Amino acid sequence: MDAKTEETGPVELRDFSLEHYDTTQALAHAAEQAVQRKYEDFLIVDVDSHHYESESFSEIAEYIEDPVLRQNASHQAMTKPGIDTGNGSFQELNGRIIRYRGRRKEKVPPTPHRDITLMRRWMDAMGTDIACLFPTPMLNLSLSPNVAMQTGLAWAYNRWLCERILAEEPRIKSMIYLPFHDPAACVKTVEYFTGKPGVIGFMVTSTHHRSVFENDYIKLYAMLQERGFPLAFHSATGSEPGLRLFNKFFGVHALGFCWHNMVYLTNWIINAMPERFPKLKTIWIESGLAWVPFLMQRLDNEYMIRSSEVPMLKRKPSDYMREMYYSSQPMEMTDNRESLELTFKLINAKSQLLYASDFPHWDMDLPSTIYDLPFLDEQDKRNILGGNAQRLFNLEPIYSPQKLARRAAVARDAVGSASPT
Amino acid sequence: MPEVKVCTDSELVDGAVRVLRVKDIEIAVIKHAGQYFAYHNHCPHQGGPACEGVRMPQVVELLDTQGNFIGQTFDENDIHIVCPWHGYEFHLSDGVNVSDKRLRLKKFKVVERDGGIYVAV
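Protein chains in written order, with our numbering: chain A, 1 to 421; chain B, 422 to 542.
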């Protein structure tokens, strides 16, 4: 459809009633931001993004080794807790975030794998070159009382992820899900997936009801340290009894996602893991940032009085925390510019902060949330958006085709303008 | 002020949205309950296409005379534009953000003339 008036020139019209949902179109404004901010000039790494592996569950089920579990899974599939369970998932904001239902019907070509096409669409739109991919519903395997089921499904998912997704698209990476209720299986997971294409670390969902200090995990940490893999703790909704007091997801999310990582991080420090595994790098994912200064202050204050309980610590807790890595999303950005700037200073964001989108989830952050911060200089922005992750994971830079094309176009224009007429 | 023809009245069904790009500005024309509204299709939060999502009424929580919570309902007289990226909500009537009045979608005048729908840009 086209219309025009003499006053305005050409006018482009779109009618949504005629359109199918398409991630590229839905993120057209993100693509404009990428061009305006010249993202083609530097690498952008997203350390926390997701897919809905439940849509591929029949494929994943084929990788389940236990025949009984495989048969059960083929019937049960990955059910999502709903409004009838009391532990509902209201990520879609009750119909307000339309990409949840839109993308389920989004059309993709037969090849490559549907998840790869969808990933490429949002990555290319945002200007993201490399993304670390995590599951969505399977993060909640941590809540299952059936350890064998958790371990069996995690193994199947990890194999499927590596063989069907990561091996096919070098721009997609993952930190492999560890079945934390089963320490021996965690060790086996690290042994098996080390060296697999796209594996850049390992991840624990911090909603497990196991404590990080248990001796059962020492072999795991030693192995990760020796192999140079970061260990990530990814928060999630969880089933913490205190959170059951909330009647709205608002409260569960606002507090819960911080709470789980606060518990895990506190245990990590007061049991001196940074001293016992000084080269093991930890990443704290999807809790935003506001909790970190709070926890630094609480733990330092405690340490000055109760150092007898933590004799292996040689420094204040905040000193260790400043050497950890944090993913940015969901970054608290409402009327708090001064607080945010102080938070960046306290966590040593220039070297320790890693940009994350959490796309396609409801509270996703675009790269512009970092790039537009007025208190960062250009190099700081580039470090947080990609440089820090590139160094942490020792990533070979792989740029999106769109950014390479824009870079080439800019170079051609420069040559053209410099040529004598 | 220049006017751009969007469509005829019969072309846009109730609830539909049509987006125009005029000189690098996206303007969304929304038809709701027979009325037309036009806003800059740009969310002040992270720059999302604010008008390309759903419209939903204000949620109202109900208390009885003693202050007890007795339920919730929708206020169909206060329809919100919901940005599809993150769910930021704006009053359809004036484009003002529901949670912070300092944020708003820029409003454009809609003119209905001779069966045609025009936006003043």
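Cβ coordinates follow ideal geometry from the N, Cα and C atoms, glycine included. Please read these numbers as outputs of a predicted model, since none were measured by experiment.
Limits of the unbroken beta strand (DSSP E) element including B:C464 | In the second sequence, residue 464 of chain B corresponds to position 43, counting from 1. Counting along the chain, B:C464 falls outside any beta strand (DSSP E), and DSSP gives it neither H nor E.
Contacts of B:V475 in chain A (Cβ-Cβ under 7 Å) = Locating residue 475 of chain B in the second sequence gives position 54, where the first residue counts as 1. Chain order gives the chain A residues near B:V475 as G95, R96 and I98, where near means a beta carbon separation below 7 Å.
Could you give the DSSP three-state label for B:Q493: helix, strand or coil?
-> To locate residue 493 of chain B, count along the second sequence from 1; it is residue 72. Strand, per DSSP.
Neighbouring residues, chain B, relative to A:D363 (Cβ below 7 Å) = Indexing the first sequence from 1 puts residue 363 of chain A at position 363. Those within 7 Å of A:D363 in chain B are H507.
In chain order, what residues of the same chain lie with their CB nearer than 6 Å to the CB of A:V204, ignoring the 5 residues before and after it?
-> Within the first sequence, numbered from 1, the residue matching residue 204 of chain A stands at position 204. Closer than 6 Å at Cβ, skipping near neighbours: L178, F180 and F233.
Assuming A:L299 and A:P317 make a contact with CB atoms under 8 Å, what is their CB distance in whole Å?
-> Here residue 299 of chain A refers to the residue found at position 299 of the first sequence. Here residue 317 of chain A refers to the residue found at position 317 of the first sequence. Yes, they are in contact, since the Cβ atoms of A:L299 and A:P317 sit about 4 Å apart, within 8 Å.
Is the beta carbon of A:R103 sitting closer than 8 Å to the one on A:Y21?
-> Within the first sequence, the letter at position 103 stands for residue 103 of chain A. Within the first sequence, the letter at position 21 stands for residue 21 of chain A. Yes, Cβ-Cβ distance for A:R103 and A:Y21 is below 8 Å.
Hey, A:G152 and A:D41: beta-carbon distance below 8 Å or not?
-> Start at 1 with the first residue of the first sequence, and residue 152 of chain A comes out as number 152. Start at 1 with the first residue of the first sequence, and residue 41 of chain A comes out as number 41. Contact: no.
CB contact check: A:R14 to chain B, cutoff 8 Å = Along the first sequence, one-based indexing puts residue 14 of chain A at 14. The C-beta of A:R14 comes closer than 8 Å to at least one C-beta of chain B.
Could you tell me the distance, in whole angstroms, from the CA atom of A:M126 to the CA atom of B:H501?
-> Locating residue 126 of chain A in the first sequence gives position 126, counting from the first residue. Locating residue 501 of chain B in the second sequence gives position 80, counting from the first residue. Approximately 27 Å, taken between the alpha carbons.
How about A:L346 and A:P367: are their beta carbons less than 8 Å apart?
-> In the first sequence, residue 346 of chain A corresponds to position 346, counting from 1. In the first sequence, residue 367 of chain A corresponds to position 367, counting from 1. Contact flag unset, no.
If you follow the alpha helix (DSSP H) that A:P317 is part of, which residue opens it and which one closes it?
-> If you number the first sequence from 1, residue 317 of chain A lands on position 317. Taken as a continuous stretch (DSSP letters only), the alpha helix (DSSP H) holding A:P317 covers P317 to M321.
Compile a chain-ordered list of the residues in the region 515–535 of chain B whose CB is closer than 7 Å to at least one CB of chain A.
-> none
Quick one: what's B:T429 bridged to in DSSP?
-> Along the second sequence, read from residue 1 onward, the residue named residue 429 of chain B stands at position 8. Its beta-bridge partners are B:G537.
Quick one: any contact between the region 483–494 of chain B and the region 104–119 of chain A, if contact means 3 or more CB pairs under 8 Å?
-> no
Completely contained beta strand (DSSP E) runs for the region 179–266 of chain A, where each covers 3 or more residues | 199–205 and 231–234
Any C-beta of chain A sitting closer than 8 Å to the C-beta of B:V425?
-> Position 4 of the second sequence, counting from 1, holds the residue named residue 425 of chain B. For B:V425, the answer is yes, since a Cβ of chain A falls inside 8 Å of its Cβ.
How many Å lie between A:E6 and A:L376 at the Cα?
-> Residue 6 of chain A sits at position 6 when you count from the first residue of the first sequence. Residue 376 of chain A sits at position 376 when you count from the first residue of the first sequence. For A:E6, the pLDDT reaches just 43, beneath the cut-off of 50, and the residue's location in the model is therefore unreliable, leaving the point undetermined.
Please name the residues in the region 365–380 of chain A whose beta-carbon is closer than 8 Å to at least one beta-carbon of chain B, in chain order.
-> D365, L366, S368 and T369
Who are the Cβ neighbours of A:K196 in its own chain at under 6 Å, not counting the five residues just before and after it?
-> Your numbering for residue 196 of chain A matches position 196 in the first sequence. Once the five neighbours on either side are set aside, the close Cβ partners of A:K196 are C162.
Could you give the residue range of the beta strand (DSSP E) that holds A:F57?
-> The sequence position of residue 57 of chain A within the first sequence is 57, counting from 1. For A:F57, there is no enclosing beta strand (DSSP E); the residue is part of the alpha helix (DSSP H) that begins and ends at F57 to A61.
Taking Cβ positions, are B:V475 and A:I218 nearer each other than 8 Å?
-> Taking the first residue of the second sequence as 1, we reach residue 475 of chain B at position 54. Taking the first residue of the first sequence as 1, we reach residue 218 of chain A at position 218. No; because the gap between Cβ atoms is not below 8 Å, this pair is not in contact.
Could you pull the start and end residues of the alpha helix (DSSP H) that A:D115 belongs to?
-> On the first sequence, residue 115 of chain A is found 115 positions in, with the first residue counted as 1. Run containing A:D115: R114 to M126, per the alpha helix (DSSP H) assignment.
Please work out which residues of its chain come closer than 6 Å, Cβ to Cβ, to A:A31, disregarding the five sequence neighbours upstream and downstream, and give them in chain order.
-> Taking the first sequence and counting its residues from 1, the one referred to as residue 31 of chain A is at position 31. Within the same chain, A:A31 has close Cβ partners A125.
Return helix, strand or coil for B:H453, following the three-state DSSP convention.
-> For the purposes of this step, residue 453 of chain B is identified with residue 32 of the second sequence, where counting begins at 1. Here DSSP, grouped into helix, strand and coil, assigns B:H453 to strand.
8 Å Cβ cut-off: residues of chain A touching B:P470 | Locating residue 470 of chain B in the second sequence gives position 49, where the first residue counts as 1. Within 8 Å Cβ-Cβ: A26, A28 and H29.
Could you confirm whether any beta carbon from chain A is found closer than 8 Å to the beta carbon of B:V481?
-> Locating residue 481 of chain B in the second sequence gives position 60, counting from the first residue. So no, B:V481 is outside the interface.
Rounded to a whole number of angstroms, what is the C-alpha to C-alpha distance between A:D363 and B:I446?
-> Residue mapping note: residue 363 of chain A aligns to position 363 of the first sequence, counting from 1. Residue mapping note: residue 446 of chain B aligns to position 25 of the second sequence, counting from 1. C-alpha separation (whole angstroms): 26 Å.
Indicate whether A:I283 and A:S351 have their beta-carbon atoms separated by less than 8 Å.
-> Numbered from its first residue, the first sequence carries residue 283 of chain A at position 283. Numbered from its first residue, the first sequence carries residue 351 of chain A at position 351. Going by beta carbons, A:I283 and A:S351 fall outside the 8 Å limit.
Where the beta strand (DSSP E) containing A:Y100 begins and where it ends | Within the first sequence, residue 100 of chain A is the residue found at index 100, counting from 1. Unbroken run through A:Y100 is the alpha helix (DSSP H), R99 to R104; no beta strand (DSSP E).
Helix, strand or coil at A:N336 [DSSP, three-state] = In the first sequence, residue 336 of chain A corresponds to position 336, counting from 1. A:N336: coil per DSSP, three-state reduction.
Terminal residues of the continuous alpha helix (DSSP H) containing A:S49?
-> Numbered from 1 along the first sequence, position 49 holds the residue referred to as residue 49 of chain A. Not the alpha helix (DSSP H): A:S49 falls in the beta strand (DSSP E), residues V45 to H50.
Should the region 336–345 of chain A be called in touch with the region 254–269 of chain A, which here means at least 3 C-beta pairs below 8 Å?
-> no
Would you mind reading off the limits of the alpha helix (DSSP H) that contains A:H29?
-> Taking the first sequence and counting its residues from 1, one reaches residue 29 of chain A at position 29. A28 to Q36 is the span of the alpha helix (DSSP H), which, as asked, contains A:H29.
Please state whether DSSP places A:W291 in a helix, a strand or coil.
-> As a first step, residue 291 of chain A is located in the first sequence; it is residue number 291 there, counting from the start. Helix.
Does any residue of chain A bring its CB to less than 8 Å from the CB of B:Q467?
-> Here residue 467 of chain B is taken as the residue at index 46 of the second sequence, counted from 1. By this cut-off, B:Q467 is an interface position.
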